[in-house]
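Structure record follows, encoded as structure tokens.
Residue numbers (the UniProt record's numbering): 1 to 299.
This is the structure:
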């Protein structure tokens with residue numbers, strides 16, 4: 001074994017210095033990066049703000065609903081109905097019923113947070129016009145939870161083929177029980193129920209649904225571009241029925257009899273359950289470009 005001898009006075013050389021450890025980019029060891037801390041703070045602030053907005057919205061909605069409910073009242077208005085030959089009704093966002101009774105005037109009774117003052121009930125010659133209010137954004141917010149209902153009562157003397165009616169519905173629901181001459185129905189949305197009788201019927205539905213139950217209709221026209229119509233015509237068989245469906249559906253029941261049925265179906269479905277004979281006195285023309293049509297007679 002050999003041993004290296006150090007000269008007298010010599011010292012052992014110190015070890016080489018240890019290089020410093022690299023610190024994370026965010027700061028001293030153990031601390032998260034500065035960008036991560038900023039992102040977390042932003043997320044926390046946004047979460048708190050969103051929660052506060054939701055709570056505030058809930059409180060305001062409850063306040064509006066409570067105020068509207070507490071303010072609901074029933075008011076009525078009347079106009080002279082003698083000599084009326086045309087009835088024009090426009091409903092948007094309300095529930096309206098039309099009926100005939102032993103009264104001498106046309107009376108509109110409204111149950112709403114705003115009463116009857118915003119409704120239209122007026123005579124224009126031999127025409128009676130009735131319409132629900134047109135709401136602005138503020139009115140909609142203020143009337144949140146306000147279930148607006150109205151009943152139009154007409155004199156029994158007006159019931160019959162001497163009164164023509166035009167019914168328009170853009171939202172809400174409309175229920176009608178009466179007898180008319182010409183009856184025109186136009187629905188943009190909502191739900192319509194009609195019963196009674198009419199000499200002629202024209203129903204145009206672009207959305208929503210309609211339930212039509214009428215007697216003694218001589219001419220009927222149905223145009224459906226969306227939504228659904230369920231109709232029953234009773235009494236004498238109509239001379240002409242015209243159906244155009246571009247979407248949605250029509251379920252139509254006609255009085256028993258023989259019909260000359262002509263159809264043009266480019267898409268969709270047509271189910272014909274009628275007794276047919278070419279050249280029959282009563283005719284049915286059906287055009288379907290989409291959707292479905294079912295026509296039948298009572299079983």
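We put the CB at the ideal spot given by N, CA and C, even for glycine.
For residue 130, the enclosing beta strand (DSSP E) begins and ends at 127–131.
In this structure, residue 183 sits near residue 198, with a CB-CB distance shorter than 8 Å. An exposed status is given to residue 104, since fewer than 16 other beta-carbon atoms sit within 10 Å of its beta-carbon. Pairing residue 111 with residue 74 gives a Cβ-Cβ distance under 8 Å. Taken in chain order, the complete beta strand (DSSP E) segments of 3 residues or longer contained in the segment 74–99 are 86–91. By DSSP's assignment, residue 155 forms a beta bridge with 101. Assignment of residue 225 by DSSP, reduced to helix, strand and coil, places it in the coil class. In this structure residue 109 touches residue 150 by the C-beta definition: roughly 7 Å separates them, less than 8 Å. DSSP, reduced to helix, strand and coil, places residue 49 within a helical segment of the structure shown. Here residue 205 has 187, 224, 227, 229 as same chain residues with Cβ atoms under 6 Å from its own Cβ, once five neighbours each way along the sequence are excluded. In the structure shown, the three-state DSSP call for residue 274 is coil.
Residue 98 counts as buried, since at least 16 other C-beta atoms from the protein chains shown sit within 10 angstroms of its C-beta. Per DSSP, the beta bridge partners of residue 198 are 180. Following the DSSP letters along the chain, one finds residue 249 inside the beta strand (DSSP E) bounded by residues 249–253.
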